[in-house]
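Numbering (this note's numbering), first residue to last: 21 to 321.
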């Protein structure tokens, strides 16, 4: 049993907070979500962070132009003084390291054959009393405009689900999210395990009549089968391992609400992200089936 958290960043900084954020980037929609997370949800206006996000957004956009099948994970850790951004993908790391070495901002970073970690200091703040709010918003708007591509008309919510199935699907998502929140307090014990496996099974059965979402239906079915095959492993998961399961559940909830409530995305906009979530969880519970990556590689490369 592991008694301390695994450290992902190459600086081996063990003072990081216990919560890590894993962002899966496999298409333009994922990239836009990445931008909006930092633009809207990160409340403090860190100048260095903002410049870094702008550089990375432009970098990934160019990579997508060259390779539409590009997919990688970005793992974010932080403590009171620093952000750590770690990219785990050999192809992306090679190009990213080259760009960082040429960047005028002189970002601090470390790299090896599999990943790159960028270290950003938090103490460089864009104070509201130094820059007027209107000027800050204008600069932010101009940066978004310069980096983003033209966006087509927004996709309305899909309406092919029967009303009762749509309501059932959204209710299951809410129930799974609530369950994962509770599990943070009580752990992934037997009752939590049974309820989550049941929710996933009903979720899959609800979607089975609809070929338009067969890929996600198969993924959730596969996850339910995985849970049944490795019950003991799931029931003894540590909190940082449970974060991967929580991430999968949160992405399922985002997928359902985006497609059938808010709209604005293609049917397959999260196929790659959810597959990556499932693959990461597989590496935890059946590591012998993955020759290239051990369990430690998931959390401590």
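Even for Gly, the Cβ is constructed at its ideal location relative to N, Cα and C. Here the structure is a predicted model, which is why all the values come from computation and not from measurement.
For the beta strand (DSSP E) that residue i lies in, which residues bound it at each end?
i	result
residue 96	92-98
residue 230	Careful: residue 230 lies outside any beta strand (DSSP E) and carries neither H nor E.
residue 41	41-45
Using the C-alpha atoms, what's the distance from residue j back to residue i?
i	j	result
residue 44	residue 293	5 Å
residue 253	residue 304	8 Å
residue 238	residue 101	42 Å
residue 180	residue 227	11 Å
residue 118	residue 107	14 Å
residue 112	residue 274	26 Å
residue 193	residue 243	15 Å
residue 214	residue 262	15 Å
residue 229	residue 279	17 Å
residue 90	residue 76	15 Å
residue 96	residue 131	15 Å
residue 154	residue 284	Note that residue 154 scores 49 on pLDDT, short of 50, meaning its location in the model is unreliable; the coordinates nonetheless yield the value given after this. Their Cα atoms are separated by approximately 28 Å.
Does the separation of the CB atoms of residue i and residue j fall below 7 Å?
i	j	result
residue 247	residue 217	yes
residue 200	residue 245	no
residue 235	residue 291	yes
residue 138	residue 129	yes
Assuming residue i is part of the alpha helix (DSSP H), what are its boundary residues?
i	result
residue 17	This structure leaves residue 17 out entirely; the chain is present only between 21 and 321.
residue 271	259-277
residue 305	291-305
residue 282	It is not in any alpha helix (DSSP H) - residue 282 carries neither H nor E in the DSSP assignment.
residue 199	183-206
residue 180	Where residue 180 is concerned, there is no enclosing alpha helix (DSSP H), given that its DSSP letter is neither H nor E.
Looking at the strands, I want to know which residues DSSP matches up with residue i.
i	result
residue 108	93 and 135
residue 129	138
residue 102	141
Does at least one heavy atom of the ligand MG sit under 6 Å from the Cβ of residue i?
i	result
residue 136	For the ligand MG, the structure offers nothing, since it holds no ligand at all.
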